[in-house]
Structure formats: structure tokens, C-alpha cells
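J.:
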Amino acid sequence: MPSATRRAAAVIPATMRTGITGVTRERSAGSPYSLPMAIVRLRSSDLKQAIAAGALSLHYQPQVHIRTGKLAGVEAFVRWPHPVHGMIGPGEIIRVVEEAGLHVEFDRWVVGAICRQAKIWRKDGMPVPIVAANVWSETLRRPDALRLIDALADTGVDPKTIEIECPRGSSVDPDLNRALVKIHSLGVRLASEEYATPARARGQLTFDTFKIPFPISRDHVANAKAIGAVVAEAKLQGARVVADSVESTDQEQALALLGVEIVQGYLYGPEVAPVELRTLITRPGA
Numbered sequence: 002m003p004s005a006t007r008r009a010a011a012v013i014p015a016t017m018r019t020g021i022t023g024v025t026r027e028r029s030a031g032s033p034y035s036l037p038m039a040i041v042r043l044r045s046s047d048l049k050q051a052i053a054a055g056a057l058s059l060h061y062q063p064q065v066h067i068r069t070g071k072l073a074g075v076e077a078f079v080r081w082p083h084p085v086h087g088m089i090g091p092g093e094i095i096r097v098v099e100e101a102g103l104h105v106e107f108d109r110w111v112v113g114a115i116c117r118q119a120k121i122w123r124k125d126g127m128p129v130p131i132v133a134a135n136v137w138s139e140t141l142r143r144p145d146a147l148r149l150i151d152a153l154a155d156t157g158v159d160p161k162t163i164e165i166e167c168p169r170g171s172s173v174d175p176d177l178n179r180a181l182v183k184i185h186s187l188g189v190r191l192a193s194e195e196y197a198t199p200a201r202a203r204g205q206l207t208f209d210t211f212k213i214p215f216p217i218s219r220d221h222v223a224n225a226k227a228i229g230a231v232v233a234e235a236k237l238q239g240a241r242v243v244a245d246s247v248e249s250t251d252q253e254q255a256l257a258l259l260g261v262e263i264v265q266g267y268l269y270g271p272e273v274a275p276v277e278l279r280t281l282i283t284r285p286g287a
């Protein structure tokens, strides 16, 4: 394994990796994110009902080709329009999912929702190349992990339109590796923020997208060698590289000089409802 690639992997610790909700998933017991159990029971009951009723919503943030300004894909972020508490943001949703153990129900709803939305966009003449969402390791460890992508058959969406952003440790965890290899074999794309592992070196699990997360993309000067190593690794594997949390043209241009071709972040817009996405798929000032 090239030393530069090892640096790329080492420079992105677990505390920097984020999930579909935009907050770090790895938390220790007793952390300030823990909720009182009475609140968890109330919210978990509500969340179960919301998932069953399809009452959650997904907003989407565009991923854009730097050179052309064309849409490269979108990433899904969850919202919960609660009838009493109003719009509940992703941070609180993820805490309830964790505390109440709703990982499987939540993931299946999310993947089903992005498949249905991809079908709608295609029908409306707005083919979004890739729709990405994170999933939990708990869902992938189940014997019926492939049920996660049942919606592909239900909607008829091209599997290559859907991208699963893999949990941390997927390459070296046998259970996660096994499930993701099966999902990948069906045509579903895989994305990762982990770039250099022994498992991938052996060819057991490959990725279609390498994500460069915040704050690595923000501190691109200090992390230039690591970013360059990620780009080089991606080229070897025929994968794309997406830099997250890009907020300025200076940052975008610096990342482009390092070889990054696709960016995501507030430079192009926040997460928006599906009907609003069309207004955010061109370059600023275009």
C-alpha cells in the first residue's frame, strides 16, 4: 500500500466522518447527545409511526462538476415534520434512531424514498445521475440485509443511480464487507470516506466514490498531500472523488488544482426539497 495512501486514510479520523443527517454517528455512552429515556420513548413511538406512514421527508444537496457546472449527483438528508414539535432536524432524528434502535426501519425507508424520488425525477425529465444516502452498520449486519434495496425492484430504478455511503469500517468488518459486496454485485454504487484498508487492497470490496469530508476539504492547504493521495487512489480504481462542505470559489479552485473534480456544499446551495433542486444545479453566477 503506498505511503501516501496510508496518509490519506490516517488523516481522516472517525470523529470527522458524518452520516446522512450531517452529524457524527460514533458516540460514546453518556455523551452530551444522549436523550432522557422518557423523551426517547415518546419520540421513538412518534418516529416509528412517522416511518410507517412515510411522514419523514428528504432534502437533497447537489454534487456539481467543477469544470462544467453540471449536476453530478445529490446526497439525501432527512427531515421530520412533526405535528406538535414542528420541523425536527437531522441531529435529533439520528439521536432517536440510535437510542431507540430504529436503524433498520429508518434505513429501509430512506433507501426506498431515494429510489422513488429518482423515479419521479426521471419521469419529469430531470434525470439525476446519482442519489446517495448513508446506511447504518446495524442494518447491514442482518441476515436479510439485501432487503435494504427491495425498492429497486419496486420502482424499476437503475441500480447505478443509487449510491450507498458505507459505514466506517466496512472494508475490514467481515459482516459489513459481505453485505456490501452482495449489494454492489447487484449494481448499486458504494461510497466511502475510508481510502486505504487491507481488505480493499485484496480486492474484496471496491468503491465507486471517495468522499473528502469536512474539515479535510476546509483545511485543504494543510491536507493537500492527503487529498492528492485520495485523488490518485480514485484514478487507479476508476472512482470519482467528491469534496464535501465546499463554501467558496477559492476553496473550490484550490481543490480543483489538487485534482478534485466534484464538489458539494453551500457554494452551490443547501439541502433543498426535491422540487427546489432544479434551481441549484447550475454554477453560481451562471
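In our numbering, the protein residues as written are 2 to 287.
In this text, a Cβ means the ideal position worked out from N, Cα and C, and glycines have one as well.
(1) Looking only at its own chain, which residues have a Cβ that is under 8 Å from the Cβ of residue 206, when we skip the five neighbours before and after it?
(2) Which whole-angstrom value describes the C-beta separation of residue 63 and residue 72, a residue pair presumed to lie in contact below a C-beta threshold of 8 Å?
(3) According to DSSP, is residue 92 part of a helix, a strand, or is it coil?
(4) By Cβ distance below 8 Å, which residues in the same chain neighbour residue 204 in space, the five residues on each side in sequence not counted?
(5) Terminal residues of the continuous beta strand (DSSP E) containing residue 148?
(6) Give the straight-line distance between the Cα atoms of residue 228 and residue 54, rounded to the nearest whole angstrom.
(7) Terminal residues of the continuous alpha helix (DSSP H) containing residue 113?
(8) Taking three-plus beta-carbon pairs below 8 Å as touching, is the stretch 152-161 in contact with the stretch 92-100?
(9) Beta-carbon within less than 6 Å of residue 275's beta-carbon, same chain only, minus the 5 sequence neighbours each way: which residues are those?
(10) When the Cα of residue 130 is compared with those of 189, 59, 107, which residue comes out closest?
(11) So what does DSSP say about residue 190, is it helix, strand or coil?
(12) Using 9 Å as the threshold, is the C-beta distance between residue 79 and residue 58 below it?
(13) Going by the DSSP bridge assignment, what does residue 166 pair with across the sheet?
(14) Going by DSSP in three states, residue 219 sits in which element: helix, strand or coil?
(15) Nearest to residue 77 by CA position, among 110, 70, 47, 69, is which residue?
(16) Which same chain residues, not among the five before or five after residue 104, have their C-beta less than 7 Å away from its C-beta?
(17) Per the DSSP calculation, residue 172 is bridged to which residue(s)?
(18) Do you know offhand how far residue 167's Cα is from residue 267's?
(19) Does the Cβ of residue 230 have 16 or more other Cβ atoms within 10 Å, making it buried, or fewer, making it exposed?
(20) Thinking residue 132 and residue 164 are a contact (beta carbons under 8 Å), I'd like their distance in whole angstroms, please.
(21) Return the bridge partner residues of residue 144 from the DSSP annotation.
(22) Across which residues does DSSP place residue 275 in a beta bridge pair?
(23) What do you reckon, are the CB atoms on residue 265 and residue 246 nearer than 9 Å?
T.: So, from the listed chains and residues:
(1) 171, 172, 178, 181, 182, 185, 191, 200
(2) 6 Å
(3) helix
(4) Any answer about residue 204 is weak, because its pLDDT of 49 lies below 50 and its placement is not dependable; what the coordinates show is given next. Closer than 8 Å at the Cβ level, and outside the excluded window around residue 204, lies no residue.
(5) That residue, residue 148, is in no beta strand (DSSP E); it is neither H nor E in DSSP.
(6) 42 Å
(7) 104-124
(8) no
(9) 118
(10) 189
(11) strand
(12) yes
(13) 135, 192
(14) coil
(15) 110
(16) 98, 137, 139, 140
(17) Paired residues: none, contrary to the question.
(18) 23 Å
(19) buried
(20) 7 Å
(21) Answer by DSSP bridge pairing: none, since residue 144 is not bridged.
(22) Answer is none; residue 275 lacks a bridge partner.
(23) yes
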